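Here the numbering used here = 1-based position in the sequence shown + 2. Scroll down for the structure; my scribbles are underneath it.
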Amino acid sequence: TFLNVAEVSSNHPEVWALRAVDKRYQTSFRYGQMNSPFEYEKVRYIYTESRKLQIAE
């Protein structure tokens with residue numbers, strides 16, 4: 003890797019936070035795409051369940 007960027011960035015949690023923000027920015031999801039009155043609940047449920055799986059790892 004160039005200048006050991008991958009190795010050095012793994013030691014800094016702020017880099018992971020920036021990656022998360024960038025990932026969300028690049029995701030083309032917009033509320034209203036699913037045409038459902040329960041869309042927010044579906045998104046919240048999926049997010050909550052994915053967090054439970056991540057924490058369980």
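Every residue, glycine too, gets a C-beta built ideally from N, C-alpha and C. As the structure is a computational prediction, the values presented were derived from the model and not from experiment.
**Request:** Verify whether the separation of the beta carbon atoms of S52 and K44 is less than 8 angstroms.
**Result:** For the purposes of this step, residue 52 is taken as the residue at position 50 of the sequence shown. For the purposes of this step, residue 44 is taken as the residue at position 42 of the sequence shown. Between S52 and K44, the CB-CB gap reaches or exceeds 8 angstroms.
**Prompt:** Roughly how many angstroms separate the alpha carbons of V17 and D24, rounded to a whole number?
**Reply:** Residue numbering aside, residue 17 sits at position 15 when the sequence shown is read from its first letter. Residue numbering aside, residue 24 sits at position 22 when the sequence shown is read from its first letter. Approximately 10 angstroms between the Cα atoms of the pair.
**Prompt:** If you drop the 5 nearest sequence neighbours on each side, which residues of the same chain put their C-beta closer than 8 angstroms to that of P15?
**Reply:** The residue you call residue 15 lines up with position 13 of the sequence shown. Nothing meets the Cβ criterion.
**Prompt:** Does any C-beta atom of chain D lie closer than 8 angstroms to the C-beta of Y42?
**Reply:** In the displayed structure, chain D is absent; only one protein chain is listed.
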